[in-house]
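S.K.: In my numbering, the protein residues as written are 1312 to 1607.
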């Protein structure tokens, strides 16, 4: 008999207690808190504009602001022409047309150019990339008068397609730079294997390259769309009433009678909704595209 049996004591079950439990990562916790703080800082102006747009002009102009003032949709109704009768839909449609068409043209031109500069590099491709970059060094206002005179001579003032051409030329250099960095991540071996199987260049672009760099295309198109949508200087000078864009329409709320804060906040939010919606719809592709090439 054992000593436990003679003593009558019951054996106690021993459990393995892990001694190497992971310690809380303070660095990750601090990064999470910092991300929340930065997110709140960026979202706070939008929430402030939303709250201001839901107040009357009297309550919106108070200093300090009146947080608990009665809410009203008067400013939003005025933006959509309840009091003045002016409709914001033509400028919004013009901005959408110019931004979408220019973005499509930029993608059509930038993807083959980036392909030639990355997968099938031409001689002195670095000089070509620097040339694209140098076109962004010219101040926009320096080319305003020549472009205005050319548009006037061609009879294309107050024409939405003039803005399409200008936005395409403005966004093409940055699009080529971005697409070249994305296409550089495509394995050349895959394209060589496709070429050995008889796959032509157009088919390679359509069935192999574009699906592999789709996140990069989404990121590039979103940035080009935002740049085109927010452009004001050329739209202000080259358009009048027919081709007036949303940013130009937004400046009309600053009149000689003063600044109507609630109405301006409502108009600014309404003009920003398409960009916010596009960013939200492509957020997963945008994150993947902006992070391509960051980790090898």
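Each residue gets a CB set at the ideal place from its N, CA and C atoms; glycine is no exception.
Classify residue 1546: buried if its beta carbon has 16 or more other beta carbons within 10 angstroms, exposed otherwise.
M.R.: Residue 1546 comes out buried.
S.K.: In angstroms with no decimal places, state the Cα-to-Cα distance between residue 1360 and residue 1375.
M.R.: One C-alpha to the other measures close to 15 Å.
S.K.: Tell whether a beta-carbon distance below 8 Å holds between residue 1443 and residue 1488.
M.R.: For residue 1443 and residue 1488, yes; Cβs fall inside 8 Å.
S.K.: When the distance is taken between beta carbons, is residue 1572 closer than 8 Å to residue 1363?
M.R.: Against a cut-off of 8 Å, the Cβ pair of residue 1572 and residue 1363 comes out as a contact.
S.K.: Given 8 Å as the limit, is there contact between the stretch 1413-1427 and the stretch 1466-1484, that is, 3 or more CB pairs closer than that?
M.R.: Short answer: they touch.
S.K.: Just the Cα atoms here: how many angstroms apart are residue 1462 and residue 1553?
M.R.: Going from the Cα of residue 1462 to the Cα of residue 1553 covers about 15 Å.
S.K.: Using only alpha-carbon positions, find the residue among 1450, 1578, 1510, 1476 that is nearest to residue 1398.
M.R.: Cα-wise, what sits closest to residue 1398 is 1578.
S.K.: Residue 1494 and residue 1524 look like a contact to me (Cβ under 8 Å); what is the Cβ gap, rounded to whole Å?
M.R.: About 6 Å; that satisfies the 8 Å criterion.
S.K.: The ligand SAH and residue 1507: does any heavy atom of the ligand fall closer than 7 Å to the residue's C-beta?
M.R.: In the structure on display, the ligand SAH does not appear, and there are no ligands present to speak of.
S.K.: Three or more C-beta pairs under 8 Å: does that hold for the stretch 1532-1544 against the stretch 1579-1591?
M.R.: Flag = yes, the stretch 1532-1544 and the stretch 1579-1591 touch.
S.K.: May I ask you to report which of helix, strand or coil DSSP gives residue 1434?
M.R.: Correct three-state label for residue 1434: coil.
S.K.: So, under 8 Å CB-CB, residue 1529 and residue 1593 are touching, yes? Tell me the CB distance rounded to an integer number of Å.
M.R.: At roughly 5 Å, the Cβ-Cβ gap stays under 8 Å, so residue 1529 and residue 1593 are in contact.
S.K.: Quick check: what's the CA-CA separation for residue 1506 versus residue 1519?
M.R.: Whole-angstrom Cα-Cα distance: 11 Å.
S.K.: Can you give me the Cβ contacts of residue 1365 inside the same chain, cut-off strictly under 6 Å, excluding the 5 residues immediately before and after it?
M.R.: Excluding positions up to five away in sequence, the list reads 1382.
S.K.: What residue from 1346, 1427, 1380 has the CA that sits closest to residue 1512's CA?
M.R.: Answer by Cα proximity: 1427.
S.K.: Quick one: using the 10 Å Cβ neighbour count with 16 as the cut-off for buried, is residue 1574 buried or exposed?
M.R.: So residue 1574 ends up on the buried side.
S.K.: Counting C-beta neighbours from all protein chains within 10 Å, is the total for residue 1425 16 or more, i.e. buried, or is it exposed?
M.R.: Residue 1425 comes out buried.
S.K.: Under three-state DSSP, which class holds residue 1518?
M.R.: Helix at residue 1518.
S.K.: How should residue 1478 be labelled, buried or exposed, when 16 other C-beta atoms within 10 angstroms of its C-beta is the threshold for buried?
M.R.: With 16 or more Cβ atoms within 10 Å of its Cβ, residue 1478 is classed as buried.
S.K.: Alpha helix (DSSP H) containing residue 1273: first to last residue?
M.R.: The chain is shown only over 1312 to 1607; residue 1273 falls outside these bounds and no answer can be derived.
S.K.: Does DSSP classify residue 1578 as helix, strand or coil?
M.R.: Helix at residue 1578.
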